[in-house]
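Trainee: Per my numbering, residue 10 is the first one in the sequence shown, and the count goes up by one each step. Even for Gly, the Cβ is constructed at its ideal location relative to N, Cα and C. The structure is given below, and queries will be raised subsequently.
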Amino acid sequence: MKRRSFLGALLAAALPSIAGAAAAPTITVYKTPTCGCCHDWVAHLQKNGFEVVAHDVPDTSPYRRKFGVPDELASCHTGVIDGYALEGHVPADDIKRLLAAKPKARGLSVPGMVVGSPGMETDGTRRNAFDVVLFGDAGVRKVWQHYAARS
Ligand SMILES: [Cu+2]
10 MKRRSFLGAL
20 LAAALPSIAG
30 AAAAPTITVY
40 KTPTCGCCHD
50 WVAHLQKNGF
60 EVVAHDVPDT
70 SPYRRKFGVP
80 DELASCHTGV
90 IDGYALEGHV
100 PADDIKRLLA
110 AKPKARGLSV
120 PGMVVGSPGM
130 ETDGTRRNAF
140 DVVLFGDAGV
150 RKVWQHYAAR
160 S
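Okay, here's the thing in structure tokens:
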């Protein structure tokens, strides 16, 4: 599995045009091994057509730093796709829109752990309101998508 993903990465690096045409873009995810909601977020991505390569790491903060996620936007896991960071429980639709629009930014974050965001579902359809934040360097922040509360 490790070896296969390494070969996949090599191929993607060597053949960017072919990789770009692939139907299922790959999201690399860094999470801690005991994180249940991280696992559920990965399942949400897969259900929505993404390939996911998940790595269990003891601490995700070095990956946040590596991919330019500011501390105040931190959550439980850090993903990366096409050079964009994905922090926390970002919905698959917002990632698809990001990849289509290709804005000049570092990535998307759903800071914290919002009840009702993908992978954070509790009872039924209950959801707290949350924003998916598009972030860039020098403190640039934009609301990429707002989700209203639901009971
Ligand atoms: Cu979480």
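So, helix, strand or coil for HIS86, using DSSP?
Mentor: coil
Trainee: Give the straight-line distance between the Cα atoms of ASP68 and CYS85, rounded to the nearest whole angstrom.
Mentor: 9 Å
Trainee: Kindly indicate which residue of ARG159, LEU143, ALA158 and SER160 has the alpha-carbon position closest to the one of VAL152.
Mentor: LEU143
Trainee: Just how far apart, CA to CA, sit PRO79 and ARG73?
Mentor: Rounded to the nearest whole angstrom, the CA to CA distance from PRO79 to ARG73 is 7 Å.
Trainee: Just to confirm my understanding: we take ASP103, look at its own chain, exclude 5 residues before and 5 after, and list those with CB closer than 7 Å. What are they?
Mentor: LEU117, VAL141, TRP153 and GLN154
Trainee: Closest by CA to ASP65, which one among GLY88, LYS56, ALA94 and PHE76?
Mentor: GLY88
Trainee: Kindly indicate which three-state DSSP category SER70 falls into: helix, strand or coil?
Mentor: helix
Trainee: Whose CA, out of GLY128, ARG150, MET122 and TYR93, lies closest to the CA of ALA110?
Mentor: TYR93
Trainee: If VAL123 and THR131 are in contact, beta carbons under 8 Å, what's the gap, nearest whole angstrom?
Mentor: About 11 Å; that fails the 8 Å criterion.
Trainee: Can you tell me whether DSSP reads GLY116 as helix, strand or coil?
Mentor: In the three-state reduction of the DSSP assignment, GLY116 falls in the strand class, which pools E and B.
Trainee: With a threshold of 7 Å on Cβ separation, who are the neighbours of TYR39 within its own chain once the five nearest residues in sequence on each side are excluded?
Mentor: HIS64, VAL66, THR69, TYR72, HIS86 and THR87
Trainee: Could you give the residue range of the beta strand (DSSP E) that holds LYS151?
Mentor: Per DSSP, the unbroken beta strand (DSSP E) holding LYS151 starts and ends at 150–156.
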